[in-house]
Amino acid sequence: MNELKRLMDELIHELYKMDIEELYELKKVWAMELKESRLDERLQDFCIKAVDLVIEKKESNCKRRE
């Protein structure tokens, strides 16, 4: 379980380095590539949800600054 947490933390950290526009583009690309890869649908959903959560957090932070 520690390895899974470490990987999740690393993924979130890398996603958070990207700006919002890059995240939206990544989400589109991942959606297509993950579907083509025939990975388990739950794993596909997890990856997309990770991007969504980072986008949500970044947009929330932007609104607070305004």
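Quick note on numbering: my numbering labels position 28 of the sequence shown as 43, and the sequence is numbered without any gaps. Heads up, the beta-carbon is just placed ideally off N, CA and C, and yes, glycines get one too.
- Of all C-beta pairs linking the stretch 51 to 67 to the stretch 36 to 43, three or more are shorter than 8 Å, placing the two stretches in contact.
- At the C-beta level, Ile35 and Lys78 stay beyond 8 Å of one another.
- Going by DSSP, Arg21 is part of the alpha helix (DSSP H) stretching over Asn17 to Tyr31.
- In the DSSP assignment, Glu37 falls within the alpha helix (DSSP H) that extends over Ile35 to Ser52.
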